[in-house]
Structures are given as C-alpha cells and as structure tokens.
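Reading through the structure tokens given below for one structure.
Protein chains: 4
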Amino acid sequence: MTEAGAVPRRRGAARSETARRAILKAASSLFATRGYDHLTIEGIAAEAGVAKQTIYRWWPSKGSVVAEALLEGELLPGHFEVPATGDVRADLTAWLEDLSRFVDDPGNAPFIRSLVTAAAENADIGARLDEALGGSELTTRVEDAVASGEIWARTPVQEVVDALVGAVVTRALRRVPATPDTAERFVHLLLR
Amino acid sequence: MTEAGAVPRRRGAARSETARRAILKAASSLFATRGYDHLTIEGIAAEAGVAKQTIYRWWPSKGSVVAEALLEGELLPGHFEVPATGDVRADLTAWLEDLSRFVDDPGNAPFIRSLVTAAAENADIGARLDEALGGSELTTRVEDAVASGEIWARTPVQEVVDALVGAVVTRALRRVPATPDTAERFVHLLLR
Amino acid sequence: MTEAGAVPRRRGAARSETARRAILKAASSLFATRGYDHLTIEGIAAEAGVAKQTIYRWWPSKGSVVAEALLEGELLPGHFEVPATGDVRADLTAWLEDLSRFVDDPGNAPFIRSLVTAAAENADIGARLDEALGGSELTTRVEDAVASGEIWARTPVQEVVDALVGAVVTRALRRVPATPDTAERFVHLLLR
Amino acid sequence: MTEAGAVPRRRGAARSETARRAILKAASSLFATRGYDHLTIEGIAAEAGVAKQTIYRWWPSKGSVVAEALLEGELLPGHFEVPATGDVRADLTAWLEDLSRFVDDPGNAPFIRSLVTAAAENADIGARLDEALGGSELTTRVEDAVASGEIWARTPVQEVVDALVGAVVTRALRRVPATPDTAERFVHLLLR
DNA sequence: ATTTAACCGAGACGGTACGTCGCGTCTTCAA
DNA sequence: TTGAAGACGCGACGTACCGTCTCGGTTAAAT
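Chains L, Y, A and V, in that order, are what the protein sequence lines are.
Residue numbering for the first sequence follows the UniProt record's numbering, starting at 1 and increasing by one per position.
Residue numbering for the second sequence follows the UniProt record's numbering, starting at 1 and increasing by one per position.
Residue numbering for the third sequence follows the UniProt record's numbering, starting at 1 and increasing by one per position.
Residue numbering for the fourth sequence follows the UniProt record's numbering, starting at 1 and increasing by one per position.
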C-alpha cells in the first residue's frame with residue numbers, strides 16, 4: 001500500500017538534480033561576469049557541461065533560469081541584509097548606504113542594470129526584484145519598528161519600501177550616484 | 001563661394017532628413033508594437049525603406065535610435081503632464097493616478113517595461129526615463145510649491161520625485177497594480 | 001530437463017513478437033510515406049508504440065530494420081513477379097514493362113530511390129535489392145530458358161540479370177522514363 | 001552605352017566567387033574523406049571558412065552543392081576516361097576493368113556508394129551520375145564505333161551504355177566484386 | 001515460493017546538426 | 001558623399017534525432 005498523498009512517479013528516468021544545479025550555477029556565474037543580455041543558453045549549457053535541450057526541457061527562457069537562480073540564492077548571496085540594531089532609521093540608512101555603494105560601483109552598475117533588464121522582461125524575476133535587493137527584509141524591519149512603537153503606527157509600510165527600492169532603481173537607470181547624505185535624506189523623508 | 005559664417009559643409013550629398021524621420025518613425029512604431037528587445041535594426045531599416053548602413057552611419061546602437069525617438073516625442077506623445085491647479089497634493093495625486101492607470105493597463109505594461117529595459121542598457125534613455133514619465137515637470141511643480149510656500153521649505157525635492165517615479169517603476173517591474181488610494185497614500189507619505 | 005536440441009533459453013521474459021511486428025510494420029509504413037532518409041528511429045518507435053531501446057536492442061541501425069522489413073515482405077508485397085508463359089523474351093519484356101511502369105510513376109519514384117539510398121548505405125539491403133525488384137525470379141526464369149534450350153546455352157545469366165536490373169536503377173537515378181519500346185529493346189539486346 | 005544583352009546588374013555587392021570556390025572545394029574534400037551522409041553543411045562551412053548562411057543563400061541542400069562540385073570537376077577529376085584505340089571491344093573492356101577496380105577497392109566503395117546515395121536523393125546528381133562514371137564518353141565511343149562500321153549499325157547505343165553503367169552500380173550496391181573475366185563477358189554480351 | 005535475469009514502456013541525458021535570424025561590416029551602383 | 005541594396009563572417013536561436021542510460025514494472029526460468 002502506498003503512502004497517502006504519495007505522487008505515483010511516472011515512469012522513465014528522473015530529472016537530474018546534478019544537471020539542474022550545474023545550470024543554475026553556470027547561469028549565475030555568467031550573469032555576474034557578462035551581464036544579462038550577453039547571457040546565452042548556449043553559453044550556460046557549455047559552462048554547465050550540459051546539452052542545450054536539457055535547459056529547454058525545463059525552462060522556457062533564459063529569464064526563467066535566472067529567476068530560479070535568484071530564488072536559489074545563487075545570485076547575490078548574502079548581500080544587502082538589513083541590520084536590526086533597534087534604531088530603525090539608522091538601520092535603513094545603513095542598508096541604503098550599503099546598497100548605494102554597491103550600485104554606484106562602476107563594476108557593479110552593469111550587474112544591477114542587468115537585474116532590472118531581467119526583471120523587465122520576466123515576471124518571475126520582477127516579482128522578486130526587491131527581494132534580491134533586500135526588500136522583503138526591509139519590509140520586516142519596518143513592520144517590526146511599527147509593532148514596537150518606534151515609529152508612527154500608521155506608517156504605510158509597503159509604500160515606504162517601494163519608495164526606497166524604487167529610488168535606488170530609478171537612480172541606477174539614470175546613472176545618478178548617491179552623495180554622502182542621500183541615504184539619510186531619504187530615510188528622514190519617509191520615516192517621520 | 002560660401003556664405004560668411006556658414007558651416008564649411010564638406011562635399012557630397014547632405015544627410016537626408018527624410019531618411020532620418022522615417023527611421024525614427026519606424027523605430028517608434030516597432031517599439032510600440034513589438035517591444036524593445038524584439039526591435040531590430042534590420043526591422044527598422046525594412047520598415048523605414050532604408051538601408052541598414054544609413055542607420056549605422058548615424059547611430060551607434062538601436063538604443064540611441066530609441067533615445068532620439070523619445071527626445072523627438074515620437075514615443076509617448078503628450079502623456080503625463082503634471083497639472084498645476086494650485087493644490088500641489090491634488091496635482092501630484094492626479095499625475096500619479098494618470099501614470100498608474102497607464103502602467104497598469106495590460107496593453108501598456110509591456111511598453112513601459114520595454115522602456116525600462118531600454119533605459120537599463122542605454123545611458124541616454126536612462127537619463128531621460130523620468131522625463132518621459134513626467135519627472136522633470138514633476139520637479140518643477142514641486143519646486144514651485146516650495147517657492148510659493150505651499151509646502152515645507154526644506155522639502156528634498158529630488159528625493160520626492162525619485163521616490164515617486166521609482167515607486168511606479170519598481171511596482172511595474174513586480175506587476176503590482178495600484179489600488180484606488182495608492183496615489184494618495186504616496187503623496188501624503190512624501191509631502192507632509 | 002530440456003528437449004534435445006532445444007536452445008537452453010536463458011531466464012527472463014522472451015522477446016516480444018508483438019513489438020517486433022509493430023516495429024517492422026511502422027518502419028514499412030513510414031518508409032513508404034516519408035522515404036528512407038526522413039525515416040527515424042524515434043519516429044518508428046512512436047508509430048509502433050514501442051520504446052526506442054527495444055529497437056536498439058535488436059537492430060544495430062535503421063537500415064537493418066528496413067532490411068528485415070524487406071525480407072518479411074512488408075515492403076513491396078507481391079510486386080514484380082516474372083511470368084512464365086514459355087516465351088522467355090515476352091516474359092522478360094512483360095516484367096521489365098511492369099517494373100518500368102512502377103518506377104516511372106511519379107508517386108513511386110521517391111520510393112524506389114529511397115530503396116537505392118538504403119541499399120547504398122546498408123549491405124543487407126544492397127544484397128537483396130535486385131531480389132526486391134524481382135531479380136532472383138528473373139535469374140530462375142532465364143536459367144530455365146537456358147535449360148529448356150529456348151535460348152543460347154552459354155548465355156551469361158548473371159550478367160543478363162545485372163544488366164537488366166542495373167539499367168532500371170541507373171535510369172531511375174537519372175529520372176529517365178521508359179519509352180514504349182524500351183523493354184523490348186533491352187530484351188533483344190541481351191537475349192540474342 | 002551598354003552592350004546589347006548585358007544584364008543591368010542589380011545593386012549591392014556581387015556574389016563572392018572566392019566563397020563559392022571554397023565551398024565547392026571543401027564539399028569535395030569532405031565528400032571524399034567522410035562520405036555523403038557524414039557530409040554536413042556546418043562541416044563544409046567550417047572547412048571553407050565561410051558562414052553557413054552563405055551556403056544556404058545559394059544552394060537549397062547539400063545535395064545541390066555536391067552536384068555543382070561534380071559539374072565543376074572538383075570530384076572525380078580525370079577518372080574513367082574511355083580509351084580510343086580503334087578496337088571498341090578492347091576499349092570498353094579496359095574502361096570497365098578500370099571502373100571495376102576502382103569500385104571494388106575497399107577504400108573507394110564507400111565513395112561510389114555515396115555517389116549513388118547522392119544521386120538517389122538529388123535529381124541534378126542523378127542526371128550526371130553516368131557522366132561522372134564516364135558514361136558520356138562511353139556513349140561517344142560506341143557511337144563512333146557504329147559510325148565507323150566497326151560494330152552493328154543498329155546497335156542500341158543508349159541501352160548498351162545503361163546496361164554497362166547500371167551493372168556496375170547494381171553490383172556495387174550488392175557488394176559483388178568483379179572477377180577477372182567479368183568485363184570481357186559484359187562487353188561480349190552487349191556488343192555482338 | 002523466492003530470487004533473479006531479461007524484457008518492455010517511458011523518458012532524461014550529452015551530443016551533433018539543422019535551418020533561420022539578426023548583427024555589424026563591406027562592396028556596388030545611382031543620384 | 002549619401003543612400004538603397006544586398007553579400008559576407010559570425011554568433012545564437014530553438015528543434016529534431018542520435019545512441020545511451022536510468023527508472024518502474026512484468027515475465028519466466030532457476031533456485
């Protein structure tokens with residue numbers, strides 16, 4: 001007798017987890033090196049030691065490969081955590097300075113713009129864009145500050161987060177670098 | 001003999017304004033129809049009845065063609081003016097609602113995302129992204145409100161504009177549609 | 001104890017005759033429909049409702065599948081018998097006219113050329129090419145005529161047959177159709 | 001004023017004769033080395049230092065490339081001339097022995113079968129198959145013998161040639177090697 | 001009765017080649 | 001000198017089959 005809820009497992013060889021991991025790893029590595037629009041399925045396949053068809057079998061486009069790599073944390077691992085020192089304004093300022101420093105670095109600018117390009121063309125990536133930039137941590141941090149009474153109870157959390165992440169993005173697209181007080185000004189604008 | 005003060009005009013035929021216009025028009029039309037990344041130089045040349053070389057002679061990339069089309073107003077003609085009724089909060093809310101309505105329309109969403117893609121890869125387009133969305137008018141409007149004493153004198157104008165435009169962009173990338181009160185919430189968040 | 005002379009039959013399930021027949025049938029059908037070089041192992045497997053491995057287990061190549069189909073009479077069933085009326089010249093002429101009619105039919109020409117392609121690449125098929133065209137019956141018929149004294153005793157039988165079958169093949173390859181007297185001219189050339 | 005009958009020459013760069021020659025040369029070389037069905041468009045392009053598209057622009061299939069190479073004499077250069085000593089039977093015998101020796105050589109057998117494969121799938125190649133094997137020279141030689149009264153005036157020349165070439169082909173397909181007297185027997189069968 | 005070897009279906013996998021699209025450069029001819 | 005036309009080398013696309021390899025399940029001889 002089979003377990004309740006067990007999937008009957010269709011016949012034939014199972015999907016190779018090895019290949020899947022190699023593809024995501026290769027995609028991340030090439031994305032970081034060459035950028036989203038120089039990223040090719042052929043390149044990923046070659047780097048991963050995998051047949052092109054194996055990619056096409058499981059992903060409809062390069063965008064979806066990148067999206068999954070993003071989800072798995074292969075891209076941007078460990079970047080952009082939001083500190084939680086107890087002073088929410090200081091925490092947000094620190095996060096924003098960290099992110100701005102990253103975005104303004106000429107070596108990273110193409111990377112962040114590639115992320116935006118990828119987001120613009122692929123819904124999955126778009127759906128997680130601010131997550132990759134730390135957006136969901138940011139939301140949690142601000143919600144905690146509201147809950148603890150540190151900031152105004154009716155603070156529109158989502159709008160604050162959108163404004164912060166959005167400002168970073170729109171400035172990146174216009175190649176406007178942050179000045180030393182940019183982060184602080186934004187935070188004081190948004191958290192009264 | 002040439003006129004005094006005239007540009008010395010080297011020999012041969014002058015640049016064809018007809019061809020230039022046809023190219024920008026074709027680019028705009030194809031951009032609107034097929035989106036930025038299905039836009040091709042070959043396609044533009046064919047649509048415009050022009051040789052590829054004529055495009056390559058005057059523009060370094062498809063991005064720069066689109067940028068010029070944007071400048072000429074071939075794309076987004078007449079959209080997104082910021083009203084000036086005297087009530088700056090109402091004006092910004094109206095502008096934001098207008099823009100959100102446009103962005104949230106399923107028929108326009110690919111267009112706006114294509115603009116973002118184009119901006120991400122081409123500095124000229126990026127430099128004018130918020131302008132195309134009404135950003136520069138917005139700046140003027142907020143500055144006027146500061147000057148007239150309608151709002152706080154030390155309002156960080158650029159940050160407000162970046163936050164508004166950026167929020168629209170980041171929401172578009174995440175496919176998050178506006179709710180009826182979104183515009184008002186943003187405006188009240190930013191202009192206290 | 002096993003029967004004397006019986007093959008010691010190793011363990012496990014026996015080869016499925018059902019699968020074998022389905023494969024040959026599918027191969028014949030696809031050969032007739034699409035021609036030898038559009039014939040694929042995957043196509044045969046799909047058509048036969050069989051796994052690819054089942055084909056690879058028993059045949060080394062698609063050529064050998066076709067060769068076996070030819071042997072089983074799945075291809076060219078009942079075609080090209082040589083009549084035996086007693087008049088060998090009339091019999092050969094009739095056979096040659098029949099074959100020429102078949103070969104010259106625009107619907108069959110691809111089929112016969114596919115047979116030649118298959119023969120050229122696969123020794124087994126080549127070895128039975130003239131058999132499929134009636135060659136072995138032809139040999140028998142000419143040998144009988146020699147034995148009965150109807151034609152010259154030292155007639156080089158094999159050469160006559162090769163010349164007849166070969167002429168049909170080389171004309172098919174050059175797309176040269178037979179004229180009404182072609183068959184008769186050949187027979188009178190070869191049997192004096 | 002232009003020459004009468006001169007083609008007006010449409011605009012744009014002319015077809016590159018260099019590329020055309022390189023392609024035919026590469027095709028011939030690879031055909032001889034690897035055989036017709038291991039011949040690939042990609043392989044030809046790589047060997048010729050040419051883009052695939054340049055091949056596809058001018059030829060519809062690999063068969064037509066080979067056909068043109070055959071026409072240009074890149075394949076089989078100088079093979080299989082029919083001698084003209086005055087003794088037509090001796091000449092035909094010599095030609096047939098020469099050809100048989102070539103065909104029976106294990107190193108050449110794949111080549112000749114490749115020619116047959118190519119002929120079977122491509123009408124142009126088929127139309128010139130016997131020419132490549134010396135067929136047209138053979139026709140001339142036999143016609144001359146008829147004209148000079150050396151052989152019977154009503155000899156059916158085309159049938160004789162078809163029988164000879166066809167016999168070589170059908171034997172090659174069945175992998176039947178010639179014996180020392182094969183050539184002589186054929187010639188005496190056909191030329192009484 | 002159990003074990004075990006071989007069969008069979010399904011189908012994933014690393015590959016090769018396909019035929020097409022678009023790139024950016026170059027050459028030809030007409031204006 | 002510009003501009004339309006278009007050939008060229010190049011790189012990538014997404015697809016079709018190749019032949020090999022698991023996988024889960026079945027069949028039948030050997031233990």
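The beta-carbon is built from N, C-alpha and C at its ideal position, and this holds for glycine as well.
Under 8 Å between C-beta atoms of Leu96(V) and Thr155(V): Counting from 1 along the fourth sequence, the entry for residue 96(V) is found at position 96. Counting from 1 along the fourth sequence, the entry for residue 155(V) is found at position 155. Against a cut-off of 8 Å, the Cβ pair of Thr155(V) and Leu96(V) comes out as no contact.
Member of Pro83(Y), Ala119(Y), Pro106(Y), Leu24(Y) whose CA lies at the smallest distance from the CA of Arg174(L): Counting from one through the first sequence, the residue named residue 174(L) turns up at place 174. Measuring from the Cα of Arg174(L), the nearest candidate turns out to be Ala119(Y).
Beta-carbon neighbours of Gly126(A), restricted to chain V and to distances below 7 Å: If you number the third sequence from 1, residue 126(A) lands on position 126. Those within 7 Å of Gly126(A) in chain V are Leu173, Arg174, Arg175.
Closer than 7 Å: Val161(A) CB and nearest the ligand MG heavy atom: Only the bare structure without any ligand can be found here, which leaves the ligand MG out of the picture.
Which listed residue (Ile125(V), Ala67(V), Leu164(V)) has its alpha carbon closest to that of Leu189(V): Walking along the fourth sequence from the start, residue 189(V) turns up at place 189. Closest option to Leu189(V), Cα to Cα, is Leu164(V).
Top-ranked residue by Cα proximity to Gly63(Y), from Gly134(Y), Thr139(Y), Asp91(Y), Val116(Y): As a working mapping, residue 63(Y) is identified with position 63 in the second sequence. The residue with the shortest Cα to Cα distance from Gly63(Y) is Val116(Y).
Proximity test, Cβ basis, 8 Å: Arg113(A) and chain V: Counted from its first residue, the third sequence places residue 113(A) at position 113. Cβ-Cβ to chain V under 8 Å: yes for Arg113(A).
Outcome for Tyr36(V) when other beta-carbon atoms lying within 10 angstroms are tallied against a minimum of 16: Along the fourth sequence, read from residue 1 onward, the residue named residue 36(V) stands at position 36. Answer is buried; the Cβ neighbour count reaches 16.
Any C-beta of chain V under 8 Å from that of Gly166(A): Within the third sequence, residue 166(A) is the residue found at index 166, counting from 1. Judged by the 8 Å Cβ criterion, Gly166(A) is in contact with chain V.
Pairwise C-alpha distance: Ala127(L) and Ala51(L): Here residue 51(L) corresponds to residue number 51 of the first sequence, with the count starting at 1. Here residue 127(L) corresponds to residue number 127 of the first sequence, with the count starting at 1. Approximately 29 Å, taken between the alpha carbons.
Contacts that Glu143(L) makes with chain Y (C-beta to C-beta distance below 9 Å): Locating residue 143(L) in the first sequence gives position 143, counting from the first residue. What Glu143(L) touches in chain Y: nothing, since even the nearest Cβ is about 16 Å away.
Closer than 8 Å at the beta carbon, the chain L residues around Ala13(Y): For this step, residue 13(Y) is matched to residue 13 along the second sequence. Near Ala13(Y) there are no residues of chain L at all, since even the closest Cβ is about 36 Å away, more than 8 Å.
Helix, strand or coil at Ile151(L) according to DSSP, with G and I counted as helix: If you number the first sequence from 1, residue 151(L) lands on position 151. Of the three classes helix, strand and coil, the one that applies to Ile151(L) here is coil, per DSSP.
Chain Y contact for Ala90(L) (CB, 8 Å cutoff): Position 90 of the first sequence holds residue 90(L). So, not an interface residue.
8 Å Cβ cut-off: residues of chain A touching Leu189(V): Locating residue 189(V) in the fourth sequence gives position 189, counting from the first residue. Ordered by position in chain A, the residues that pass the 8 Å Cβ test against Leu189(V) are Pro156, Glu159, Val160, Ala163, Leu190.
Interface residues of the region 36-48 of chain L facing chain Y [CB-CB below 8 Å]: Asp37
For Glu81(L), the first and last residue of its enclosing alpha helix (DSSP H): Working through the first sequence from its first residue, we reach residue 81(L) at position 81. Here Glu81(L) belongs to no alpha helix (DSSP H), and DSSP marks it neither H nor E.
Among Gly73(V), Val88(V), Pro180(V), Phe186(V), the one whose alpha carbon lies nearest that of Leu133(V): By one-based count along the fourth sequence, residue 133(V) stands at place 133. When each option's Cα is compared against that of Leu133(V), the closest is Gly73(V).
Rounded Cβ spacing between residue 233(L) and Ala94(L) (contact assumed at less than 8 Å): Missing from the structure shown is residue 233(L); chain L here goes from 1 to 192 and no further.
Supposed contact pair Gly135(Y) and Asp161(Y) - C-beta distance, whole angstroms, cut 8 Å: By one-based count along the second sequence, residue 161(Y) stands at place 161. By one-based count along the second sequence, residue 135(Y) stands at place 135. Inspection of the sequence shows that residue 161(Y) is occupied by Val rather than by Asp. So it is a contact: roughly 6 Å between Cβ atoms.
Straight-line Cα distance separating Arg57(L) from His38(V): Your numbering for residue 38(V) matches position 38 in the fourth sequence. Your numbering for residue 57(L) matches position 57 in the first sequence. When rounded, the distance between both Cα atoms is 28 Å.
Whole runs of the beta strand (DSSP E) within the region 42-93 of chain A, excluding any shorter than 3 residues: You should have found no qualifying run.
Given Asn122(A) as reference, the closest of Val187(A), Val66(A), Ile55(A), Phe31(A) once Cα atoms are compared: Here residue 122(A) refers to the residue found at position 122 of the third sequence. Selected option, being the one with the closest Cα: Val66(A).
Val176(A) in three-state terms, based on DSSP: Within the third sequence, residue 176(A) is the residue found at index 176, counting from 1. Three-state DSSP puts Val176(A) in coil, outside helix and strand.
Outcome for Ser16(L) when other beta-carbon atoms lying within 10 angstroms are tallied against a minimum of 16: Position 16 of the first sequence holds residue 16(L). The residue is exposed, with fewer than 16 neighbouring Cβ atoms inside 10 Å.
N- and C-terminal bounds of the alpha helix (DSSP H) containing Ala13(L): Numbered from its first residue, the first sequence carries residue 13(L) at position 13. No alpha helix (DSSP H) contains Ala13(L), which DSSP labels as neither H nor E.
CB contact below 8 Å: Ala119(A) versus chain V: In the third sequence, counting from the first residue as 1, residue 119(A) sits at position 119. So, interface residue.
Pick from Glu42(V), Val88(V), Ala32(V), Phe80(V) that is closest to Gly107(V), judged by C-alpha positions: Start at 1 with the first residue of the fourth sequence, and residue 107(V) comes out as number 107. Here the closest residue by C-alpha is Ala32(V).
C-beta neighbour in chain V for Leu129(A), strict 8 Å: For this step, residue 129(A) is matched to residue 129 along the third sequence. Chain V, which has a Cβ nearer than 8 Å to the Cβ of Leu129(A), makes this yes.
Contact the region 142-150 of chain V vs the region 136-154 of chain A: 3+ CB pairs below 8 Å: no
Amino acids of chain Y, ordered along the chain, whose beta-carbon sits closer than 7 Å to that of Phe186(L): Stepping through the first sequence from its first residue, residue 186(L) is reached at position 186. In chain order: Glu159.
For Ser100(A) and Ala178(A), the rounded distance between their alpha carbons: As a first step, residue 178(A) must be located in the third sequence, where it is residue number 178. As a first step, residue 100(A) must be located in the third sequence, where it is residue number 100. Going by the C-alpha atoms only, they are around 6 Å apart.
Given Glu137(A) as reference, the closest of Leu129(A), Glu81(A), Trp152(A), Ser114(A) once Cα atoms are compared: As a first step, residue 137(A) is located in the third sequence; it is residue number 137 there, counting from the start. When each option's Cα is compared against that of Glu137(A), the closest is Glu81(A).
Leu189(A) - containing alpha helix (DSSP H), residue span: Position 189 of the third sequence holds residue 189(A). 182-190 is the extent of the alpha helix (DSSP H) around Leu189(A).
Chain A contact residues for Ala123(V), given Cβ-Cβ distances below 7 Å: What you label residue 123(V) is simply residue 123 of the fourth sequence in a count that begins at 1. Those are Arg175, listed as they occur along chain A.
Nearest-angstrom Cα separation, counted from Ala172(A) out to Ile112(A): The count along the third sequence starts at 1 and reaches residue 112(A) at position 112. The count along the third sequence starts at 1 and reaches residue 172(A) at position 172. Rounded to whole angstroms, Ile112(A) to Ala172(A) spans 8 Å at the Cα level.
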